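These protein sequences, in sequence, are chains A, B, C and D. Its first residue numbered 447, the first sequence is counted upward by one per residue in our numbering. Its first residue numbered 447, the second sequence is counted upward by one per residue in our numbering. Its first residue numbered 447, the third sequence is counted upward by one per residue in our numbering. Its first residue numbered 447, the fourth sequence is counted upward by one per residue in our numbering. Note that CB positions come from ideal geometry on N, CA and C, so glycine has one too. Please read these numbers as outputs of a predicted model, since none were measured by experiment. A quick write-up on the structure given underneath.
There are 4 protein chains.
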Amino acid sequence: MKKVLLTGFEPFGGESVNPSWEAVKQLNGEVAEDVLIVSEMVPTAFGTSISVLKQLIQQHKPDVVICVGQAGGRLHITPERVAINLDDARIPDNEEKQPIDEAIVRNGPAAYWTSLPIKRMVEKMKESDIPASVSHTAGTFVCNHIFYGLMYYITSTSSDIRGGFIHIPYIPQQTLDKQAPSLSLETIVQGLRIAAVTAVQYKSDIRSVGGTFH
Amino acid sequence: MKKVLLTGFEPFGGESVNPSWEAVKQLNGEVAEDVLIVSEMVPTAFGTSISVLKQLIQQHKPDVVICVGQAGGRLHITPERVAINLDDARIPDNEEKQPIDEAIVRNGPAAYWTSLPIKRMVEKMKESDIPASVSHTAGTFVCNHIFYGLMYYITSTSSDIRGGFIHIPYIPQQTLDKQAPSLSLETIVQGLRIAAVTAVQYKSDIRSVGGTFH
Amino acid sequence: MKKVLLTGFEPFGGESVNPSWEAVKQLNGEVAEDVLIVSEMVPTAFGTSISVLKQLIQQHKPDVVICVGQAGGRLHITPERVAINLDDARIPDNEEKQPIDEAIVRNGPAAYWTSLPIKRMVEKMKESDIPASVSHTAGTFVCNHIFYGLMYYITSTSSDIRGGFIHIPYIPQQTLDKQAPSLSLETIVQGLRIAAVTAVQYKSDIRSVGGTFH
Amino acid sequence: MKKVLLTGFEPFGGESVNPSWEAVKQLNGEVAEDVLIVSEMVPTAFGTSISVLKQLIQQHKPDVVICVGQAGGRLHITPERVAINLDDARIPDNEEKQPIDEAIVRNGPAAYWTSLPIKRMVEKMKESDIPASVSHTAGTFVCNHIFYGLMYYITSTSSDIRGGFIHIPYIPQQTLDKQAPSLSLETIVQGLRIAAVTAVQYKSDIRSVGGTFH
Chain A
447 MKKVLLTGFE PFGGESVNPS WEAVKQLNGE VAEDVLIVSE MVPTAFGTSI
497 SVLKQLIQQH KPDVVICVGQ AGGRLHITPE RVAINLDDAR IPDNEEKQPI
547 DEAIVRNGPA AYWTSLPIKR MVEKMKESDI PASVSHTAGT FVCNHIFYGL
597 MYYITSTSSD IRGGFIHIPY IPQQTLDKQA PSLSLETIVQ GLRIAAVTAV
647 QYKSDIRSVG GTFH
Chain B
447 MKKVLLTGFE PFGGESVNPS WEAVKQLNGE VAEDVLIVSE MVPTAFGTSI
497 SVLKQLIQQH KPDVVICVGQ AGGRLHITPE RVAINLDDAR IPDNEEKQPI
547 DEAIVRNGPA AYWTSLPIKR MVEKMKESDI PASVSHTAGT FVCNHIFYGL
597 MYYITSTSSD IRGGFIHIPY IPQQTLDKQA PSLSLETIVQ GLRIAAVTAV
647 QYKSDIRSVG GTFH
Chain C
447 MKKVLLTGFE PFGGESVNPS WEAVKQLNGE VAEDVLIVSE MVPTAFGTSI
497 SVLKQLIQQH KPDVVICVGQ AGGRLHITPE RVAINLDDAR IPDNEEKQPI
547 DEAIVRNGPA AYWTSLPIKR MVEKMKESDI PASVSHTAGT FVCNHIFYGL
597 MYYITSTSSD IRGGFIHIPY IPQQTLDKQA PSLSLETIVQ GLRIAAVTAV
647 QYKSDIRSVG GTFH
Chain D
447 MKKVLLTGFE PFGGESVNPS WEAVKQLNGE VAEDVLIVSE MVPTAFGTSI
497 SVLKQLIQQH KPDVVICVGQ AGGRLHITPE RVAINLDDAR IPDNEEKQPI
547 DEAIVRNGPA AYWTSLPIKR MVEKMKESDI PASVSHTAGT FVCNHIFYGL
597 MYYITSTSSD IRGGFIHIPY IPQQTLDKQA PSLSLETIVQ GLRIAAVTAV
647 QYKSDIRSVG GTFH
């Protein structure tokens, strides 16, 4: 049986929940189509997030790692295409660090591509009526940080693990007093299950229309 | 036992489903807190919608009537405050009628207020983590038309029935290829159940902050 | 020569400028196509705004009155179709009054229609490449209040004056640290000039597509 | 005197104008703060855009090159931080080419950073009340393509030229029948003038808050 490690973040930025953790924790221990899902929480903190992630990888020895994070304001579940070598925080993280215009890995490459079949993951989610699309920016906060850190780790250790990142919208309870879109937790959980299984089952991606103008 | 009649519309405007009917049909026959919910479909057509609604009222003899319609692009479930005496259609309705700048009722009042406790309905939905807020425009298409027609009917027949209108967002399956927000069908069904029961149980509204700047 | 009175509001809600006053003051004293424009500021306050407006009408004896207000977040210049008999403030006004769910005029009609040719005004603005559309809600704050007060005054005094309200977007300087659209002050000034002259020149409106779904 | 080359694109995607060319052509030949601005149009076509750009660089021998493109739907003028080695077109370009998931430069680096002081450019524009912010994705259409091609050219030729890309919103005339934000052409021209001069005058950037969550 193949294993996929899903991570979700702690709440940050004044929110009392983080939908990424709320969603992935529901999938912990689930076996879907011969894929075992293991879920863990990681801190919303620049340095610590990567060191915790490395420990989790060594502990669980997954075939695929998918870090999941909140993208408040987005409409869709969005697998990310690319991680960039940049920390540029709008607010302090949960350990009060606020790096500005700093490389994540000194002399690291400017960017890493995901090694997940993101267009296939999007297609499978849409086949189940779940709003999904590819994103070309994971931002410059802890989400991009852990995504870059994950891909650097995989590359620099010549690991066979494949990895990537998925951003998810707010859940409804976070938008009661905000003018912002949401997707229900059930929809997000279903989408992540499909995405995780697809990521394990397929190493190559499909070639379909899914780019962005800007 | 009190009875509430919920109506949903046929699909229109190129959509294959109308979330208002998808949602209210799930509640048909349900008894919640000593309130019986009866659900019916009405045509998305200016003239016919009101005549069908009148027949349904005479058939079911409800205590409360709530018409429900799709507001594609809205973020929240939005009970409407006011219906205006105006048909002004951007597109033809499902019977190919496209009235422009016409009164719904000649010499009728410019507007009717809902007779439902809309702020209480919003409050109750939010207590269950459902995004909801009061709206001050039901537009000028068939949604506003049936809402005005309902309130005119109630007023002109001196009926004890109380009535109103609720707009709901798209459901996720409608937004797969749109940049638009949605709420899951489950969330909408739960919200409408709460709103319907609250509308029957309370004749008076609460006084809470819920206005709009524009 | 015909005369049109334009009013703009004081800043409110933490803004340092109000684009409605910034725009209308630039038109004060201008003569365009045989129409004299007179501009005045009114307070962003429920009670005072209408009493000040009445004094200005008696002082200037205009043929047409157009009150202008900020609609932060809107994309277009939006002549309003209808004023409703409701004060429902999200925040205190500039005199610390915050009416909630109160009638503007006790026993007044639920709503008044504008007496301006709003679709013609929209058409003329669009012919000059200015984003404009009809709106069907002026909200429930001071903008709707003065609009309703104006139409009540005209009606109850059997005046020949025609009146209405136009909402305008933010100007760019207000959006430097907001995720919100704006139109430049020059565009708004040009749009209001066109709208004001059109409002004076035409008593009847055109019949064109311009309704809203919700 | 230093020289900056600004490029704008041909219209595409059904638009009759491209605001990038409308804006940059107004700056052609202008001297601002001892900086000469030269403006040229480039085709909205994957392959051709870069070859035309190279010819223009060899012809004009600029100190700084800034390519400008339309980002319909954006609120701000957005200097781009990073170009990625990916063509992924949602629609065919103006030469009917629609590459999907193809590298721009085979074996090229995944990404290049801009060599312009983008935070300083944003700061200077905001000081003049122009809505501006840093962007971390230039998309995957011709805008990103020419940006990557520019940075690859500069790097592979060991040129001293500094280069980058700026996305701009629609202008108002494009949004008459769209629900989309715009900035006036005057505002965009003023913003690009400030950005161009700042880009020439400063080689190093400031360290200020300007990252994105996602």
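Reduced DSSP category for residue i - H, G, I as helix; E, B as strand; rest coil
i        : result
D/ILE503 : helix
D/PHE593 : helix
B/GLU621 : As written in the sequence, residue 621 of chain B is Thr, which differs from the Glu given in the question. Three-state DSSP puts B/THR621 in a helix.
C/SER574 : coil
C/ALA529 : strand
B/ILE652 : coil
B/ARG608 : strand
A/VAL481 : strand
C/MET487 : strand
B/LYS448 : strand
C/GLY493 : helix
C/ALA517 : coil
B/ALA641 : helix
D/GLU548 : strand
D/ALA469 : helix
D/SER602 : helix
A/ILE512 : strand
D/ILE614 : strand
B/THR658 : coil
B/THR633 : helix
C/ILE564 : helix
Test: residue i CB closer than 8 Å to a CB of chain B
i        : result
C/GLN509 : With the sequence shown as reference, residue 509 of chain C is identified as Asp, and Gln is not the correct amino acid for it. Chain B contact via Cβ: absent.
C/GLY657 : yes
Minimum Cβ-Cβ distance from residue i to chain D less than 8 Å
i        : result
A/HIS522 : no
A/ALA645 : no
A/ARG653 : yes
A/GLY518 : yes
Test: residue i CB closer than 8 Å to a CB of chain C
i        : result
D/LEU622 : yes
B/GLY637 : no
beta-carbon residue i near the ligand ADP non-hydrogen atom, thresh 7 Å
i        : result
A/ILE503 : Looking for the ligand ADP in the displayed structure turns up nothing, as the structure carries no ligands at all.
Chain C residues whose Cβ lies nearer than 7 Å to that of residue i
i        : result
D/ILE576 : PRO618
B/HIS506 : Those within 7 Å of B/HIS506 in chain C number zero; the least Cβ separation is about 26 Å.
Interface flag, residue i vs chain A, CB-CB below 8 Å
i        : result
D/TRP467 : no
B/THR633 : yes
D/ALA641 : no
Residue i: contacting residues in chain A (beta-carbon distance under 8 Å)
i        : result
B/LEU629 : PRO618, SER628, SER630
Neighbour-count burial assignment, residue i, 16 or more Cβ in a 10 Å radius
i        : result
C/ASP539 : buried
C/SER579 : buried
B/ASN553 : exposed
D/ARG653 : exposed
B/SER462 : exposed
D/ILE550 : buried
A/THR453 : buried
Within chain B, partners of residue i - CB distance below 8 Å
i        : result
A/LYS572 : LEU622
A/GLN625 : LEU521
Within chain C, the residues that residue i reaches when beta carbons sit closer than 9 Å
i        : result
B/ARG566 : In chain order: nothing, as chain C lies at least about 12 Å away.
(request) Could you list the residues in the segment 523-538 of chain B with a C-beta less than 7 Å from some C-beta on chain C, going in chain order? (result) VAL528, ILE530, ASP534, ALA535, ARG536
(request) Can you give me, in chain order, the residues of the segment 581-600 of chain C that have a beta carbon less than 7 Å from any beta carbon in chain B? (result) HIS582, THR583, ALA584, GLY585, THR586, PHE587, CYS589
(message) At a CB distance below 7 Å, what residues from the segment 545-558 of chain A approach chain D? Give them in sequence order.
(response) ILE546, ASP547, PRO555, ALA556, ALA557, TYR558
(message) Tell me which residues of the segment 487-507 of chain D have at least one Cβ-Cβ distance to chain A shorter than 8 Å, keeping chain order.
(response) none
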